[in-house]
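Each residue of the sequence shown is one higher than the one before, starting from 1 at the first, in this note's numbering.
Glycine is no exception: its CB is placed at the ideal position from the N, C-alpha and C atoms.
It should be emphasised that the depicted structure is a prediction, and the values quoted were computed from it without experimental measurement.
Notes for the one structure printed next.
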Amino acid sequence: SYSNNMPGRKPVVGGNWKCNPASMKDLDGLIANINACNTDKCDLYVCPSVLHVPYCLGKFTNAAQVAPQNCNIKGCGAFTGEMAVDQMKDMGITTVLIGHSERRGEFGLFPMDDNTTLATKLKYILDSGLKCVFCIGEPKSIREQGLDAVLAEMDVQLTQIYGLLDASKVVIAYEPVWAIGTGLTATPEDAQATHAGIRALIAQKASPEVAEAIRIQYGGSANAKNAPDLSSQPDIDGFVVGGASLK
Numbered sequence: 001s002y003s004n005n006m007p008g009r010k011p012v013v014g015g016n017w018k019c020n021p022a023s024m025k026d027l028d029g030l031i032a033n034i035n036a037c038n039t040d041k042c043d044l045y046v047c048p049s050v051l052h053v054p055y056c057l058g059k060f061t062n063a064a065q066v067a068p069q070n071c072n073i074k075g076c077g078a079f080t081g082e083m084a085v086d087q088m089k090d091m092g093i094t095t096v097l098i099g100h101s102e103r104r105g106e107f108g109l110f111p112m113d114d115n116t117t118l119a120t121k122l123k124y125i126l127d128s129g130l131k132c133v134f135c136i137g138e139p140k141s142i143r144e145q146g147l148d149a150v151l152a153e154m155d156v157q158l159t160q161i162y163g164l165l166d167a168s169k170v171v172i173a174y175e176p177v178w179a180i181g182t183g184l185t186a187t188p189e190d191a192q193a194t195h196a197g198i199r200a201l202i203a204q205k206a207s208p209e210v211a212e213a214i215r216i217q218y219g220g221s222a223n224a225k226n227a228p229d230l231s232s233q234p235d236i237d238g239f240v241v242g243g244a245s246l247k
């Protein structure tokens, strides 16, 4: 039930398949799972592995959008290993996800993005006429310092994009890094407090109008069991689901 949410903020749910599945023969089953979702009351997007994006395009029957998991900073050209928004647009793709913690270098991975490259990418995406799911989140070391420290880090991650935020084109995906894939989940109350804090930052540094309208998803080990309690919170506007979206 999303009865607490501001009127006009339509819930949005995303499934991030990350670098899965290993075999294309498993895609039809995953696509069928998504097609079984009722999207009357929410927007839905799916982030397949880049190699699987073309296969998935046109396969969803319930308006689910295919959203690649990254893009480059400025179009086609000499960017080996990258993918351009221009190419996505040509394929009919309308949404792209950027800034996932695994790209930012959490989990001991090499950092492939930082706040500056992500601001550049967001501007490129929006200038190209696409929509964006922009991920932010804090590691456990910051969460353990308390909510003020978490929100200070969220401000750092948002500072370069406050001026770009357009609630009709950008969804914020808040993903507490310590809860991704660990089975740990913020309590609904903690998640709500963080989302409310992010919304307050946006009200202060973008505008109250943007803050009221922008959708903020929760993405920390969300699953069928904890989703109802999380979704009843007034500032949680849906979910990004990782591992659970592959089941």
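Asked                                                                                                                                                          : Found
In three-state terms, what does DSSP make of N16?                                                                                                              : strand
Alpha carbon to alpha carbon, how far is L118 from R199?                                                                                                       : 20 Å
Of the choices L184, F239, D166, T187, whose alpha-carbon is the least far from that of A129?                                                                  : Strictly speaking, residue 129 in this sequence is Gly, with Ala absent from that position. Of L184, F239, D166, T187, the residue nearest in Cα terms is D166.
Would you kindly check if the distance between the Cβ of V150 and the Cβ of Y45 is under 8 Å?                                                                  : no
For the beta strand (DSSP E) that Q204 lies in, which residues bound it at each end?                                                                           : Counting along the chain, Q204 falls outside any beta strand (DSSP E), though it belongs to the alpha helix (DSSP H) covering 188–205.
Taking contact to mean 3 or more Cβ pairs, one atom from each stretch, closer than 8 Å, check whether the stretch 85–105 and the stretch 65–75 are in contact. : yes
Can you look up K131 in the DSSP assignment and give me helix, strand or coil?                                                                                 : strand
Comparing C-alpha positions only, which one of C135, R143, N115, N33 sits nearest to V170?                                                                     : C135
For G8 and A213, which I take to be in contact (beta-carbon distance under 8 Å), what is that distance rounded to the nearest angstrom?                        : 7 Å
If you run the structure through DSSP and keep just helix, strand and coil, what is Q87?                                                                       : helix
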